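Single-structure report; data block below.
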Amino acid sequence: MSHQETDISRRQFLGKAAAAGLMIAPGVMLYKVAQARAPEMPASSSNRWGMLIDTSKCATGCSDCVTACQTENGWGGENSNEVHSAPTQQAHWIRKVKLTDKQTGHVQSLPLMCQHCENPPCVDVCPTGASMKRADGIVLVDKHICIGCRYCMMACPYKARSFIHEELHNQIPYAPRGKGTVESCTMCVQRVDNNGTPACVEACNSEGHKAMYFGDLNDPSSDISKRLKEYGATEIRADLELNTGVRYQGI
Amino acid sequence: MKTLTYKMIDGNSSGYLALLAILGLFVLAGATAFFYMEHNGHWVTGMSNQVVWGIPHVFAVFLIVSASGALNVASISSVFNRKIYKPLAPLSAVLALTLLLGGLTILVLDLGRPDRLIVAMTKYNFKSIFAWNMILYNGFLAIVGVYVWFMLERKMNKFSRYAGFAAFFWRLILTTGTGAIFGFLVARDAYDVAIMAPMFIIMSFAYGLAIFNIVTIAIYSWTDRQLGDVIFERLRTLLGVFIGAVFYFVTVYHLTKLYATKHHGVENFILVDGGIYTTLFWLGQVIIGLLIPAILVFHPAFAKSRKALVSASVLVIAGGLSQMYVTIIGGQAYPLEMFPGKIIESSFFDGGIKAYTPSLPELALGLGGFALSLLMIALAIKVLRLIPDNLSDAEIDPHHKA
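See below:
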C-alpha cells in the first residue's frame with residue numbers, strides 16, 4: 501500500500517467519523533440544554549459564562565438593566581435597604597456609564613459591572629480566599645469568610661465591588677448580603693445555575709434594546725460566541741490582560 | 062565600655078502616672094470609637110465605596126512601617142556589630158513590638174468583620190500580599206520577641222546576635238510586604254510601581270528612628286538619667302541620613318511616574334491641583350517632613366541641641382503621616398482610568414475626584430492605636446530592665462576624655 505493510498509483512506513475515515521460526530525452532537529447538545537445542573541453538582545470548567553454588550557444599541561438615559569438587577573438581587577433603587585448610607589456609600593452591582601470623547605465629543609453609553617475576569621485581581625489579593633472564581637468563570641464573594649478588609653476593592657480596576665456600610669433588612673434569600681462584607685455582580689448565579697439568563701440581559705432584551713447577550717464563551721455554537729467571532733469585541737483595560745468575561749462592542 | 066546597669070524606671074512619679082492617664086484616655090477613646098463603628102457599620106465613618114481605606118489605615122500603615130524602623134538601633138548593634146548602639150538595643154526591639162501591635166490593632170478593628178479575625182488567621186490565600194503580611198507580622202512578633210528574650214536573659218546573650226540577624230532580614234521582608242500592598246496594585250495609577258517596596262523600607266528607617274529618638278530622649282530626660290553626646294550624635298546623624306534617603310526615593314518615585322505620559326494625570330493631581338493632597342505633599346511630606354528636619358539635623362547651630370533633634374523627629378513623624386495620607390487616600394481619590402481619552406460619568410461617581418473627610422471615630426481609632434503603642438512601651442520600661450541607668454560619654458566611650 502502506498503503512502504498516498506493510506507492518506508486517502510485516512511481522510512475518508514476521518515470524514516465519516518466527523519459526519520457521525522455531527523449526527524451525535526445535536527443530541528448531546530439537546531441533552532445538555534435540557535438538563536439543569538443539580539444542586540449538588542459543582543460548576544464545570546467546560547463552561548465559561550460571559551456577556552457581550554453592544555454599545556451602539558445601549559441608549560443614554562436607559563437604565564433597564566440596572567433596575568432589573570436591583571429588583572432581582574435586592575439592592576439600591578427606590579426601596580433601598582441601605583437607609584443610613586450616603587450615596588457614596590451605597591452599593592452598586594451594575595451602573596450605567598456615559599462616555600464622552602475628549603477630542604470629538606462623541607457620546608456613548610454602557611453598563612458596567614464585575615467583568616468576571618479569568619485572572620481576577622480581586623481574587624489574587626483576597627487574604628482569606630473569600631473572593632473566588634467558580635470553575636465556570638463567575639467571580640463571587642463567599643460572605644461567610646469575607647472579613648471586610650476591602651483590599652479587593654482597592655485591586656479591582658473596574659470599581660465593581662461595594663462594601664456594605666450598615667445592617668440590612670428585607671433581603672432576598674437567594675442573594676444574601678451582609679454588613680461589613682463586600683459584594684458585587686454575581687452574574688445572577690441563581691438564574692444561571694437553573695439555565696436562566698442574568699436579569700440585566702433579560703430586561704435589555706425584553707424591552708427590545710438587544711444591547712446585551714449572555715452565554716457560554718466555551719461553546720462555539722452559542723449565540724455570544726458566534727457574535728464575538730463575527731464582530732469582535734473589546735475588553736475594558738485590555739492592557740491588564742485579565743481576559744474578562746464581559747466584552748464590549750463599539751468602544 | 063564599662064559594664065552597664067539596666068534598670069526599670071521607678072514609675073511612681075505624678076508625671077509618669079499622668080502620662081499613663083493621658084495615653085489611657087486616648088486608648089479608651091479609640092476603643093469607644095471601635096465599638097461605635099462596629100455597632101453601626103461603616104456608614105458612620107467618612108469612608109465610602111469610593112475611598113475604601115481611610116484615616117485608620119493611615120495610622121495603621123504608618124505604625125507598622127515605623128515598627129520595622131524602630132528596630133534600627135538593635136539591628137545596627139547586632140548585625141553590623143556597632144557596640145555603641147548595643148545599650149539601647151533592647152528598648153529599640155521592644156518599641157518595634159509595641160508599634161506593630163498598635164498598628165495591627167487599628168487594622169483589625171477597622172475590618173468590616175473584626176469578629177472574623179480567626180478566619181483571617183486560619184484561611185490563607187497564598188497569592189495575597191495581605192495573607193503574606195499576616196504571616197510576616199506574626200513572624201516579626203515571634204522573632205523580635207525571642208530577640209528581646211536573648212538580649213535580656215544573660216544566659217542567652219550569646220545567641221542574641223543570631224536572633225538579631227533573623228529579625229533584621231525579617232523586618233526588611235516585612236516592610237517589602239507592606240510596600241507591596243500598594244506597589245502590586247495594578248488597577249490604580251498612583252500605585253503599580255515596584256519602587257514602593259524599597260521606598261517603604263527607607264521610610265520605615267526614618268519614621269521608626271524618629272519615634273525611637275523621641276521615646277529615648279524623653280525617658281532619659283524625664284528619669285534624670287544621663288544620655289551622653291556620643292549616643293546623641295549617632296542618633297542625630299542617623300536620622301539625617303535617613304531623611305536624605307527618603308528624599309531620594311520620593312524624588313525617583315515621582316520622576317518615574319512623571320516620565321510616562323499615562324501617569325501625568327495622577328502626578329498633576331498629587332503635585333499641582335489636588336487640593337488637600339497637594340498641600341499635604343508639599344507642605345506636610347516635603348517641607349515639614351523632610352526639609353525642616355534636615356536643617357534641624359544638619360545645621361551646625363543645632364548640632365548640640367536635644368530640642369532640635371526632638372523637633373526634627375516630631376516633624377519627620379508629621380511628614381510620615383502626611384505621606385501616608387497622600388499615598389493611601391490620595392491614591393484612591395484619583396479616579397480609575399478605565400477609558401483613556403474619555404470623560405466618564407455615572408451614578409456611582411466614576412470619573413470625578415473622590416471626596417473623603419475623616420470622621421471623629423476614625424480619627425479616634427487611629428490616635429488610639431498610636432497611644433496604645435506608646436502606653437505599652439511606657440509600661441514595658443517599668444516592668445522590664447530595658448534601659449541602661451547611665452549612658453553618659455564616660456560610661457560608653459572608651460576614648461572619652463572628660
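Here the protein sequences come in this chain order: U and A.
The first sequence: position 191 = 691 (the numbering used here), numbered continuously.
The second sequence: position 87 = 148 (the numbering used here), numbered continuously.
All C-beta atoms in this analysis are idealised placements derived from N, C-alpha and C, irrespective of residue type, glycine included.
Computed from a prediction, not measured in an experiment: that's the story for all the values here.
Asked, Found
"Any contact between the segment 425–443 of chain A and the segment 85–96 of chain A? By contact I mean 3 or more CB pairs, one from each, below 8 angstroms.", "yes"
"For A:ILE464 versus A:ILE280, is the C-beta distance shorter than 9 angstroms?", "With chain A represented from 62 up to 463, any question about residue 464 of chain A goes unanswered, as that position is not in the structure."
"Over what stretch of residues does the alpha helix (DSSP H) that includes A:PHE211 continue unbroken?", "190–213"
"Can you grab the Cα-Cα spacing for the pair A:ARG174 / A:GLU99, in whole Å?", "8 angstroms"
"By the 7 angstroms beta-carbon criterion, what residues does the segment 617–638 of chain U contribute toward chain A?", "PRO621, ASP624, VAL625, CYS626, PRO627, THR628, GLY629"
"What's the call for U:ALA635, buried or exposed, on a 16-neighbour Cβ count within 10 Å?", "exposed"
"I'd like to know if U:VAL682 contacts chain A, where contact means its C-beta is closer than 9 angstroms to some C-beta of that chain.", "yes"
"Between A:MET217 and U:ARG737, how many whole angstroms is the CB-CB distance? I'm expecting something under 8 angstroms.", "The pair is not a contact, with the Cβ atoms about 54 angstroms apart (cut-off 8 angstroms)."
"Quick one: does A:PHE410 have its CB under 9 angstroms from some CB of chain U?", "yes"
"For A:VAL180, would you say it is in contact with chain U, using Cβ-to-Cβ distances shorter than 9 angstroms as the test?", "yes"
"Which residues in chain A have a C-beta closer than 7 angstroms to the C-beta of U:SER580? List them in chain order.", "What U:SER580 touches in chain A: nothing, since even the nearest Cβ is about 12 angstroms away."
"Could you tell me how far apart the beta carbons of A:TRP231 and A:PHE201 are, in whole angstroms, since I believe they sit closer than 8 angstroms?", "6 angstroms"
"Under DSSP, the alpha helix (DSSP H) around A:ARG232 begins and ends at which residues?", "221–244"
"Against chain A, with Cβ distances strictly below 9 angstroms, would U:ASP564 count as a contact?", "no"
"Residues of chain A with a CB under 7 angstroms from the CB of U:ARG737: which are they?", "MET399"
"Would U:ALA663 pass as an interface residue toward chain A - the criterion being a Cβ-Cβ separation below 9 angstroms?", "Correcting the residue identity first, residue 663 of chain U is Phe in this sequence and not Ala. At least one chain A Cβ lies under 9 angstroms of U:PHE663."
"Decide if the segment 108–118 of chain A is in contact with the segment 375–391 of chain A; the criterion is three or more beta carbon pairs, one per stretch, under 8 angstroms apart.", "yes"
"Can you have a look at A:TRP283 and say buried or exposed, based on whether 16 or more other CB atoms are within 10 angstroms of its CB?", "exposed"
"Under the assumption that A:GLY164 contacts A:LEU124 (Cβ atoms under 8 angstroms), give the Cβ distance between them as a whole number of angstroms.", "3 angstroms"
"Confirm, please, whether the CB-CB distance from A:PHE220 to A:PHE211 is below 9 angstroms.", "yes"
"Relative to the alpha-carbon of A:GLY244, which residue among U:GLU666, U:VAL625, U:GLN589, U:ALA630 has its alpha-carbon at the smallest distance?", "U:VAL625"
"Thinking C-beta only, is U:ARG747 closer than 9 angstroms to U:LEU552?", "yes"
"Does any C-beta atom of chain U lie closer than 9 angstroms to the C-beta of A:VAL113?", "yes"
"Would you list the one or two residues that DSSP bridges to A:ASN451?", "A:GLN287"
"Taking C-alpha atoms, which residue in A:GLY130, A:VAL105, A:ASN451 lies nearest to A:VAL377?", "A:GLY130"
"In whole angstroms, what separates the C-alpha of U:GLY550 from that of U:ARG661?", "18 angstroms"
"Helix, strand or coil, according to DSSP, for U:PHE714 in the structure here?", "strand"
"Would you say U:GLU666 and A:GLY102 are within 9 angstroms of each other, going by their C-beta atoms?", "yes"
"At a Cβ threshold of 9 angstroms, is A:ALA364 touching chain U?", "no"
"Run through DSSP, which three-state label would U:SER546 get?", "coil"
"At a Cβ cut of 7 angstroms, what residues of the segment 102–129 of chain A count as close to chain U, listed as they run along the chain?", "GLY102, HIS103, TRP104, SER109, ASN110, GLN111, VAL113, TRP114"
"So within the segment 546–588 of chain U, which uninterrupted beta strand (DSSP E) runs reach at least 3 residues, ignoring any that extend past its ends?", "549–554"
"Assign A:MET260 to one of three DSSP states: helix, strand, or coil.", "helix"
"With 9 angstroms set as the bound, which would you pick, yes or no: does the beta-carbon of U:LYS726 sit closer than that to a beta-carbon of chain A?", "no"
"Quick check: what's the CA-CA separation for U:GLU730 versus U:TYR651?", "38 angstroms"
"For A:SER407, would you say it is in contact with chain U, using Cβ-to-Cβ distances shorter than 9 angstroms as the test?", "yes"
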